[in-house]
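K.L.:
Using my numbering, you'd call the opening residue of the sequence shown number 1005 and step up by one each time. Glycine included, C-beta positions come from ideal geometry on N, C-alpha and C. Values in this document were obtained by computation on a predicted structure and should not be read as measured data.
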Amino acid sequence: MPHTLYPDPGHRRGVDVLAGAVLTADGFVHGSVTIEDGVIAGLSRSIPKDALAKGVVIPAFSNAHTHLADAIVQEEVKGSLEDIVAPPRGLKHRVLAGAKDEDVVDAMRGMLRVMARTGVGSFRDFREGGLPGVRLLLRAAIGGGVATTVLGRPARIEYRRDEVDAILRGADGIGISSVLDWPRDEVEKLAGHARRAGKAFATHCSERVREDIDGVLDLKPAFLVHMLEATDADLERTADAGVPVVACPRSNVFFGKVPDLPRLLRHGLTVHLGTDNAMVNSPSILREMEFAYKVSRLRGGLAARDALAMSLSAGRAVSGQPGVGIQVGDPASLVVFDLPSDGDLFTTLLRAAESDIALVYLAGRSWPRKGSAEPPRRAGSRRQRPRPRTRR
1005 MPHTLYPDPG HRRGVDVLAG AVLTADGFVH GSVTIEDGVI AGLSRSIPKD
1055 ALAKGVVIPA FSNAHTHLAD AIVQEEVKGS LEDIVAPPRG LKHRVLAGAK
1105 DEDVVDAMRG MLRVMARTGV GSFRDFREGG LPGVRLLLRA AIGGGVATTV
1155 LGRPARIEYR RDEVDAILRG ADGIGISSVL DWPRDEVEKL AGHARRAGKA
1205 FATHCSERVR EDIDGVLDLK PAFLVHMLEA TDADLERTAD AGVPVVACPR
1255 SNVFFGKVPD LPRLLRHGLT VHLGTDNAMV NSPSILREME FAYKVSRLRG
1305 GLAARDALAM SLSAGRAVSG QPGVGIQVGD PASLVVFDLP SDGDLFTTLL
1355 RAAESDIALV YLAGRSWPRK GSAEPPRRAG SRRQRPRPRT RR
């Protein structure tokens, strides 16, 4: 994991340099990042004049939980959590069931373009619809530049070995709506099948009501989503088990609940951010990060450094542990912000807008911002400078 859908390797040849205030494992340092063949080849304290872009340089964001196909829902979303998302009769499930495949693919491609433009380098999607649903997302993701982790699920709430075998051949694992939605013996078979295949099993947990955390953890989940109604004891058990939690603050507030991110951190949990349902939120982690920081003031506050760390690679630890910054050998998935490079840059980034993004570098190419007529630029190639006009 993840199942990375990069363009042809030929698009990653060449050398590029990004410079400015660079986020490393030791914090921000003034220097440059050298990229060779789509990989971070070096970090330097020097700032060359011919850098591809200059500014505040950070790893690309990671969206740890999405439902991209929900973007097919075009109407204003009203009603309770159950009315909107509960399988099989929630609004999103009814709309998806009646939608044409091409329309679903187009909706997901639109969300992938938003992620690429706003600096999201990877995402993990809970993909409904059985094997056909997994295939639709894989089609949408091809060539999009954003590393894609697909967590599929059976088309119906029942375990069938052949169907799960087929899903796991194409997906990175299984992601279900809730353990409460499944008969216990069926969900045990489903989770066990994923583990035996070497794939991830994940689930929403304690989103609407508190769930039996021991029963959930017995399924050996790779991560849990929400944990809004979890008790302190539940959080302690989850932390002891080493299971990360994905928080989706904008989605939670839309459905009438306020997440307590500071409490999750106090219990020693690894926390990541996701944007959840695409008919409710854009998949921009920059917006999610700002909202998470602000809504956490209602629960005692969150350090700017922690808010940023939750927004970066979902495969790495939160602030205070190694792995948050840019490292040699990593894939070159980076974002450059056109922001002042002095002061408290963690706080500065929380105030950043999408219009402050100077460059997104994913899958060995730089991606244009919205409204730009320029196509994605291959690594090592330089933008054509306009010729000076001859005065007459």
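Could you tell me how far apart the beta carbons of A1251 and A1226 are, in whole angstroms, since I believe they sit closer than 8 Å?
P.N.:
That pair is no contact at about 16 Å.
K.L.:
Pick helix, strand or coil for L1306, following the three-state DSSP scheme.
P.N.:
Coil.
K.L.:
Alpha carbons only, please: which of S1345, V1339, M1115 and L1268 is nearest the one belonging to K1310?
P.N.:
The identity of residue 1310 in the sequence shown is Asp, whereas the question assumes Lys. With distances taken between Cα atoms, D1310 lies closest to L1268.
K.L.:
Under 8 Å: do the stretch 1052 to 1062 and the stretch 1267 to 1283 share three or more Cβ pairs, one atom per stretch?
P.N.:
At 8 Å Cβ cutoff, the stretches do not touch.
K.L.:
What are the uninterrupted segments assigned as alpha helix (DSSP H) that are 4 or more residues long and contained completely in the stretch 1199 to 1276, given in chain order?
P.N.:
Taking only runs of at least 4 residues, the alpha helix (DSSP H) segments lying wholly in the stretch 1199 to 1276 are 1217 to 1221, 1236 to 1244, 1253 to 1258 and 1265 to 1270.
K.L.:
Is the stretch 1083 to 1096 touching the stretch 1287 to 1306 in the sense that three or more CB pairs, one from each, lie closer than 8 Å?
P.N.:
Output reads no: the stretch 1083 to 1096 does not touch the stretch 1287 to 1306.
K.L.:
State the DSSP-derived secondary structure class of D1280, mapped to helix, strand or coil.
P.N.:
Of the three classes helix, strand and coil, the one that applies to D1280 here is strand, per DSSP.
K.L.:
Are there 16 or more other CB atoms within 10 angstroms of the CB of Y1163, so buried, or fewer, so exposed?
P.N.:
Buried, since its Cβ has 16 or more Cβ neighbours within 10 Å.
K.L.:
What number of angstroms, rounded off, separates the C-alpha of V1168 from the C-alpha of S1210?
P.N.:
Distance between the alpha carbons of V1168 and S1210 is about 25 Å.
K.L.:
Mind reading off the beta-carbon distance from V1229 to V1081? Whole number of angstroms is fine, and I expect it under 8 Å.
P.N.:
Not a contact, Cβ separation roughly 19 Å.
K.L.:
Kindly list the residues whose CB is nearer than 7 Å to the CB of Y1297, restricted to its own chain and excluding five residues on each side of it in sequence; keep chain order.
P.N.:
Here the set comprises L1306, A1308, A1311 and L1354.
K.L.:
In whole angstroms, give me the CA-to-CA distance for P1253 and E1233.
P.N.:
About 14 Å.
K.L.:
Beta-carbon within less than 6 Å of T1038's beta-carbon, same chain only, minus the 5 sequence neighbours each way: which residues are those?
P.N.:
Once the five neighbours on either side are set aside, the close Cβ partners of T1038 are V1021, A1045 and G1046.
K.L.:
Taking the runs of the alpha helix (DSSP H) that are 4 residues or longer, which of them lie wholly in the stretch 1155 to 1200?
P.N.:
Here the runs fully enclosed are 1165 to 1174 and 1188 to 1200.
K.L.:
Could you give the DSSP three-state label for P1136: helix, strand or coil?
P.N.:
If DSSP states are grouped into helix, strand and coil, P1136 belongs with the helices.
K.L.:
Pull up the DSSP beta-bridge partners for I1067, would you.
P.N.:
Sequence check: residue 1067 is Asn here, not Ile. DSSP output for N1067 lists F1127 as bridge partner(s).
K.L.:
Please classify I1146: does DSSP put it in a helix, a strand, or coil?
P.N.:
In the structure shown, I1146 sits in coil (DSSP, three-state: anything other than H, G, I, E or B).
K.L.:
Taking the straight line between their C-alpha atoms, what separation do you get for L1100 and L1363?
P.N.:
Each residue's Cα considered, the two are about 34 Å apart.
K.L.:
Could you give the residue range of the alpha helix (DSSP H) that holds L1354?
P.N.:
Looking at the DSSP string, the run of the alpha helix (DSSP H) that includes L1354 is L1349 to L1354.
K.L.:
Taking 8 Å as the threshold (C-beta atoms), are A1245 and L1221 in contact?
P.N.:
Closer than 8 Å, so yes.
K.L.:
Give the DSSP-derived three-state secondary structure of G1114 in the structure shown.
P.N.:
DSSP places G1114 in helix when its eight states are reduced to three.
K.L.:
Among the residues of its own chain, which have a CB less than 6 Å from the CB of T1352, if the five just before and after it don't count?
P.N.:
Closer than 6 Å at the Cβ level, and outside the excluded window around T1352, lie L1343.
K.L.:
Does the beta carbon of G1042 come closer than 8 Å to any beta carbon on chain B?
P.N.:
This model lacks chain B altogether, as it is built from one protein chain only.
K.L.:
Quick check on DSSP: helix, strand or coil for S1359?
P.N.:
Helix.
K.L.:
If you draw a straight line from the C-alpha of G1324 to the C-alpha of H1097, how long is it?
P.N.:
The predicted position of G1324 is uncertain, since its pLDDT is 36 and thus under 50; a value taken from the coordinates is nonetheless stated next. Whole-angstrom Cα-Cα distance: 40 Å.
K.L.:
Can you tell me the Cα-Cα spacing of G1202 and S1255, whole angstroms?
P.N.:
For G1202 and S1255, the distance between alpha carbons rounds to 30 Å.
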